[in-house]
Amino acid sequence: MKLNANIPEGQIDKKWTNHKFNLKLVNPSNKRKYDIIVVGTGLAGASAAASLGELGYNVKVFTIHDSPRRAHSIAAQGGINAAKNYPNDGDSIWRLFHDTVKGGDYRAREANVYRLAEISNQIIDHCAALGVPFGREYSGTLANRSFGGAQVSRTFYTRGQTGQQLLLGAYSAMMRQINTGKVEMFSRREMVELIISNGKARGIIARNRITGELETHTADAVLLCTGGYANAFFLSTNASDCNVSAAWTAYKNGALFANPCYTQIHPTCIPRSGDHQSKLTLMSESLRNDGRIWVPKKKDDDRKPSDIPEDERDYYLERRYPAFGNLVPRDIASRAAKVVVDEGRGVGPTKQAVYLDFRDAIKRKGEDAIKEAYGNLFDMYYQITDEDGYQVPMRIFPAPHYTMGGLWVDYNLMTNIPGLFALGEANFSDHGANRLGASALMQGLADGFFIIPSTIGGYLAANKFEKMDEKDKAGIEAAEKVNEKIKRLFAIKGKKTPTEFHKQLGNVMWNGCGMSRNEQDLKQALKKIPEIREEFWKDVMVPGSDGELNPTLEKALRVADYLEFAELMLKDAIERNESSGGHFREESATAEGEAKRNDADYSYVGAWQYDGEGKDPILNKEELTFENVKIAERSYK
Amino acid sequence: MSDIMKNFSVTINVWRQNSASDKGSMVSYPVNDVSPAMSFLEMLDVLNEDLIKKGDSPIVVESDCREGICGCCGLVIDGNTHGPDKNSTVCQLHMRRFKDGDVITVEPWRVKSFPVIKDLAVDRSAMENIMQAGGYVSVNTGAAPDANAVLINRADAEESMDAAACIGCGACITACPNGAAMLFTAAKISQLALLPQGHPERKERAINMVEAMDKEGFGNCTNEYECEAVCPKEIKVSNIARMNREFLIANFLSNK
Amino acid sequence: MNLVFLRRIITTSIGRKLIMAVTGLLLVGFVSFHLMSNLVLLNGQEAYNTYVEHLTGVPFLLFIELGLLSLFLTHILMGIYVRWEDYRNSPSGYKKRNWQGGRTIGSATMLYSAVTILIFLVYHIITFRLSDHSIGFYEMVTNAFRDPIFATIYVLGGLAMVLHLSHGVQSIFQTLGINHQKYTPFIKLGGWIIALTMAAFALLPLIFLFGLESHFMGMLH
Numbered sequence: 086m087k088l089n090a091n092i093p094e095g096q097i098d099k100k101w102t103n104h105k106f107n108l109k110l111v112n113p114s115n116k117r118k119y120d121i122i123v124v125g126t127g128l129a130g131a132s133a134a135a136s137l138g139e140l141g142y143n144v145k146v147f148t149i150h151d152s153p154r155r156a157h158s159i160a161a162q163g164g165i166n167a168a169k170n171y172p173n174d175g176d177s178i179w180r181l182f183h184d185t186v187k188g189g190d191y192r193a194r195e196a197n198v199y200r201l202a203e204i205s206n207q208i209i210d211h212c213a214a215l216g217v218p219f220g221r222e223y224s225g226t227l228a229n230r231s232f233g234g235a236q237v238s239r240t241f242y243t244r245g246q247t248g249q250q251l252l253l254g255a256y257s258a259m260m261r262q263i264n265t266g267k268v269e270m271f272s273r274r275e276m277v278e279l280i281i282s283n284g285k286a287r288g289i290i291a292r293n294r295i296t297g298e299l300e301t302h303t304a305d306a307v308l309l310c311t312g313g314y315a316n317a318f319f320l321s322t323n324a325s326d327c328n329v330s331a332a333w334t335a336y337k338n339g340a341l342f343a344n345p346c347y348t349q350i351h352p353t354c355i356p357r358s359g360d361h362q363s364k365l366t367l368m369s370e371s372l373r374n375d376g377r378i379w380v381p382k383k384k385d386d387d388r389k390p391s392d393i394p395e396d397e398r399d400y401y402l403e404r405r406y407p408a409f410g411n412l413v414p415r416d417i418a419s420r421a422a423k424v425v426v427d428e429g430r431g432v433g434p435t436k437q438a439v440y441l442d443f444r445d446a447i448k449r450k451g452e453d454a455i456k457e458a459y460g461n462l463f464d465m466y467y468q469i470t471d472e473d474g475y476q477v478p479m480r481i482f483p484a485p486h487y488t489m490g491g492l493w494v495d496y497n498l499m500t501n502i503p504g505l506f507a508l509g510e511a512n513f514s515d516h517g518a519n520r521l522g523a524s525a526l527m528q529g530l531a532d533g534f535f536i537i538p539s540t541i542g543g544y545l546a547a548n549k550f551e552k553m554d555e556k557d558k559a560g561i562e563a564a565e566k567v568n569e570k571i572k573r574l575f576a577i578k579g580k581k582t583p584t585e586f587h588k589q590l591g592n593v594m595w596n597g598c599g600m601s602r603n604e605q606d607l608k609q610a611l612k613k614i615p616e617i618r619e620e621f622w623k624d625v626m627v628p629g630s631d632g633e634l635n636p637t638l639e640k641a642l643r644v645a646d647y648l649e650f651a652e653l654m655l656k657d658a659i660e661r662n663e664s665s666g667g668h669f670r671e672e673s674a675t676a677e678g679e680a681k682r683n684d685a686d687y688s689y690v691g692a693w694q695y696d697g698e699g700k701d702p703i704l705n706k707e708e709l710t711f712e713n714v715k716i717a718e719r720s721y722k
Numbered sequence: 633m634s635d636i637m638k639n640f641s642v643t644i645n646v647w648r649q650n651s652a653s654d655k656g657s658m659v660s661y662p663v664n665d666v667s668p669a670m671s672f673l674e675m676l677d678v679l680n681e682d683l684i685k686k687g688d689s690p691i692v693v694e695s696d697c698r699e700g701i702c703g704c705c706g707l708v709i710d711g712n713t714h715g716p717d718k719n720s721t722v723c724q725l726h727m728r729r730f731k732d733g734d735v736i737t738v739e740p741w742r743v744k745s746f747p748v749i750k751d752l753a754v755d756r757s758a759m760e761n762i763m764q765a766g767g768y769v770s771v772n773t774g775a776a777p778d779a780n781a782v783l784i785n786r787a788d789a790e791e792s793m794d795a796a797a798c799i800g801c802g803a804c805i806t807a808c809p810n811g812a813a814m815l816f817t818a819a820k821i822s823q824l825a826l827l828p829q830g831h832p833e834r835k836e837r838a839i840n841m842v843e844a845m846d847k848e849g850f851g852n853c854t855n856e857y858e859c860e861a862v863c864p865k866e867i868k869v870s871n872i873a874r875m876n877r878e879f880l881i882a883n884f885l886s887n888k
Numbered sequence: 011m012n013l014v015f016l017r018r019i020i021t022t023s024i025g026r027k028l029i030m031a032v033t034g035l036l037l038v039g040f041v042s043f044h045l046m047s048n049l050v051l052l053n054g055q056e057a058y059n060t061y062v063e064h065l066t067g068v069p070f071l072l073f074i075e076l077g078l079l080s081l082f083l084t085h086i087l088m089g090i091y092v093r094w095e096d097y098r099n100s101p102s103g104y105k106k107r108n109w110q111g112g113r114t115i116g117s118a119t120m121l122y123s124a125v126t127i128l129i130f131l132v133y134h135i136i137t138f139r140l141s142d143h144s145i146g147f148y149e150m151v152t153n154a155f156r157d158p159i160f161a162t163i164y165v166l167g168g169l170a171m172v173l174h175l176s177h178g179v180q181s182i183f184q185t186l187g188i189n190h191q192k193y194t195p196f197i198k199l200g201g202w203i204i205a206l207t208m209a210a211f212a213l214l215p216l217i218f219l220f221g222l223e224s225h226f227m228g229m230l231h
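This is how it looks when you write it as structure tokens:
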């Protein structure tokens, strides 16, 4: 397949402006003639629904939850980046663009990233206007902090709950449109199929989670704002409802899935405490500003941390990366933790953790200063582990957190299926192989508030749409497909729960395709997945019926998709024999064990195409060219 | 420390109700091998896994982020809204808070405005309707001035954030002896009343949101402050006073 | 004429609370005045009777009394209505339910203290306002106070007032929108002081019941 990213001509800083001018427009009075479906109500979905409603389109928005405000964007803590340069520290759109491309290890599209940086400032203006209570200076101006190793302070925040406040801002804008009647809300619905008619995406099948009814909704365009797939690992910092199913359905209907192997593992999470663990909790990485990370020098050292003398401790980040020390980027910090744990130097009851020690910071600044800066995080840590981080070092371990890969989209955020758009974490477009801290919120809102309102008009104005309703053949067939799948699941009546399969899958993925990957392990994992999948379809137990709130059925449907998706993730990881960003291939490393990118062979977006049940997917490549950023090795030594 | 505590057994006495129309009843289940490091919801997960394997319906309990921010979870445990810990959600409650042999009563939110859907899951859409009536600033995308064009006193911004921290779980409503939604509604009115961005519409907002709240059939406020006592985000009843003020000023001193 | 502002006071929850608060505030004013009047008893027969004659000689007394009555009735009827509404939505059916420290004894017993006060009030009006005043006000009151049953009812009524106002006074301020971290602690303290002052209603009958009035005689000059 020939991939056309539709990147506009011209200088990079003029592309978006020119493109908006060149896009066809929908006449204001005609906008009400178009129906648009938005699936998901996180930052991307809520902001898209709000801004499209404001323009006058008829929007139908779907959330899996009882309220749109519960989408997992809400859990983002740190902040949102923008190139405002309020602190006068030399920031600019150009620098944010540059940092994002570099941070993404040169695997993102320049044009998309530049647009993101350009829009970042408008996002802050709009969110402030929406009543997001951003942190302020005493002067009344907005406050900034430095975040995630950035050398400028460009991160705006609302305490440690920036994701929550931005989501509530977007949510409120959407609620206003619901009140005007331009947006119609469908809560407790899960998208289970995509409706394609005459080659265009024209609707979805949504399962009503309360009644089990399969509802057919048609429209002129469908926006997937359904988040990432980190729960493929079972244990991640994602919420339990986060799933890949909507994106996977799109893939199986012909949409390309790009770079699934790019996953971000966050270094400062609270380690698992046992088999019962259902999710992992992230603590803001700002903790690394004052905490020192270490493990004992000896293997299997069972002494209490306080009994281990200074010269028997290995502050491995400070040792390996003297310039950045404990503040190296996420992927590097995570991998370094894995290395010491694999050496048998992990700590805590499971030995799957490293220490994050505030002893020296408390000595230097006093406990009160530490409490003021991180008090809520210490409380959270105490609540979960029953340990006092002021007295004993915290134990941390990396956990899957964000996925850079996603549905392939062009510059207009449209997938290769006409009329099917993907926004936010659900697409692959802006972060390359690794996402910088405080950039996810920025991307979700850029896509929803500022990009889609322009690009969707271009699509709608340029196309003709036949009338469609629920009785259309395409919709009935799509619903039938789901119905059959559900019937099959109930008929199995096996002995294992969907969660058991999910855990099994997560284990395979974490060991085979986690922080550090090699061909042998990847291939071994790839062998195991079809076995688990086969067992799943023979031995899963789904009690109850379809016509009720049935969490086991929902879980089974999602796990079934993960069991297929995981294979694609592994294939992509095998195919990409280089280390870039969140994807570290042991075969592609320097003599010191650092990641080594291979620009000659892998400077492309790997976009996978479904080729039918049981067949190998086809890899399509979108070559990446860098005209504005000089490619360099990412070094933090 | 947690690792010296042994695993133990508890009995869960839990509300089971098949559907909104079903009568429902309390059912007891033993749960063995409970680790003190488990969260309360993980303990229910373990129980549910057993039930599924037996072909029984698992207990429906809502939760999502499991880190106290999404507002999905909400149970009454041994008579305590969100469990026995102060200022936390159910998902943050851990089993080390209990001991071997405990019989733990688990019930859903029981307010008329939140009908039970199934087991422990309730329908909280009444809260959405309040938000929809005015919990926003009517600014269109693209119409905003530079964010620093409007200066906001830092203390006001902080106080606004205190109110904005609401996670919409509904604990305040459940804990209220009258089932009033005052703290929830007040948090939003207060957040926007404290910011200049919210000022152009503050009068309409106060009236519309209060009227929407009443329409949903929530109870009246008798200033008992149980809401503040259970709020996982420590939202203060001074916000209710601010809402009263906003409402009275809007009613008597505006043309609305 | 746009009367929507009046309609909203009756039809919205905050409006109805406003009615409770404003009538409550006026009633607190009235009972405070009433209490001061009662204390004149301690100055003896002559002082008290002169004082009451002054009071009963106020022009338009009937209108004032009717106004007072409507104040009471509004507070009572609105209270009943609000309670009934609360009852409809109040959480119910819990097998277990613990309060988390927001409620106080005063707030949790508002309904009971209200009913007690109401019963007392009816009794009080029948025995004092609608009774035969010919033996003189001082004699009527003090004779009644020396009756143990009568005194008990008065003591109960006074204590109910303490309870009711311990929550009620600060509640008035909250409802009127007056809550500030600097001043609310004082408002709450003030509420308690006013409430405790109401104990004097209970003390007076006891003083007469136990014949201790001579110890207080002249103290209030």
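Residue numbers (the numbering used here), protein chains in the order written: chain A, 86 to 722; chain B, 633 to 888; chain C, 11 to 231.
Glycine residues also receive a C-beta, built at the ideal position from the N, C-alpha and C atoms.
Source: prediction; values computed, not measured.
Check the C-beta distance from residue i over to residue j and give it rounded, since I have them as a contact under 8 Å.
i               : j               : result
P195 of chain C : F155 of chain C : 37 Å between Cβ atoms; not a contact.
N497 of chain A : G667 of chain A : Between G667 of chain A and N497 of chain A the Cβ distance is about 26 Å, and since that is not below 8 Å, they are no contact.
P478 of chain A : L441 of chain A : 6 Å
With a CB to CB cut of under 6 Å and the five nearest residues on each side skipped, what residues in its chain are close to residue i?
i               : result
E370 of chain A : T353
A796 of chain B : Q823
F640 of chain B : V666 and D732
Looking only at C-alpha atoms, which of the options sits nearest to residue i?
i               : options                           : result
N645 of chain B : B:D688, B:S770 and B:P662         : B:P662
Y142 of chain A : A:I121, A:Q250, A:L412 and A:P434 : A:I121
G509 of chain A : A:G127, A:E679 and A:N328         : A:G127
Can a CB atom of chain A be found closer than 8 Å to the CB of residue i?
i               : result
K685 of chain B : yes
P690 of chain B : yes
E674 of chain B : yes
P716 of chain B : no
P893 of chain B : Only positions 633 to 888 of chain B appear in this structure, which leaves residue 893 of chain B out of reach.
Could you confirm whether any beta carbon from chain B is found closer than 8 Å to the beta carbon of residue i?
i               : result
P203 of chain A : Here the sequence assigns Glu to residue 203 of chain A, which means Pro is not the residue at that position. No - not a single Cβ of chain B is within 8 Å of the one on E203 of chain A.
R98 of chain C  : yes
E457 of chain A : no
Does the beta carbon of residue i sit closer than 8 Å to a beta carbon anywhere in chain C?
i               : result
T806 of chain B : yes
A873 of chain B : yes
By Cβ distance, which residues of its chain are closer than 7 Å to residue i, with the 5 residues on each side in sequence left out?
i               : result
E195 of chain A : I97, V186, F711, E712, N713 and V714
A212 of chain C : Y164, V165, G168 and L169
For residue i, would you say it is in contact with chain E, using Cβ-to-Cβ distances shorter than 8 Å as the test?
i               : result
G216 of chain A : As a matter of chain content, chain E is missing from the structure shown, whose protein chains are A, B and C.
Handout entry: Chain-ordered residues of the stretch 811-832 of chain B with a beta carbon less than 7 Å from chain C
Key = For the stretch 811-832 of chain B, the set of positions with a beta-carbon nearer than 7 Å to some beta-carbon of chain C reads G811 in chain order.
Practice task
Report the residues of the stretch 502-526 of chain A with a CB closer than 8 Å to any CB of chain B, ordered along the chain.
Solution key: Residues passing the 8 Å Cβ filter: none.
Problem - Members of the stretch 693-714 of chain B that neighbour chain C once the beta carbon cut-off is set at 8 Å - result: So the close ones are V708, D710, G711, N712 and T713.
Handout entry: Positions along the stretch 848-863 of chain B whose CB lies within less than 8 Å of some CB in chain C
Key = Hits within the stretch, in order: G849, F850, G851, N852, C853, T854, N855, E856, Y857, E858, C859, E860, A861 and V862.
Practice task
Output, in sequence order along the chain, the residues in the stretch 738-758 of chain B whose CB is closer than 8 Å to any CB in chain C.
Solution key: Listed by position, the residues of the stretch 738-758 of chain B near chain C (Cβ gap below 8 Å) are E739, W741, R742, V743, K744 and S745.
Problem - Positions along the stretch 81-97 of chain C whose CB lies within less than 7 Å of some CB in chain B - result: Listed in chain order, the positions of the stretch 81-97 of chain C with a beta carbon within less than 7 Å of a beta carbon of chain B are V92, E95 and D96.
Handout entry: Interfacial residues, the stretch 183-196 of chain C to chain B, with Cβ spacing under 9 Å
Key = So the list reads F183, Q184, T185, L186, G187, I188, N189, H190, Q191 and T194, given in the order they occur along the chain.
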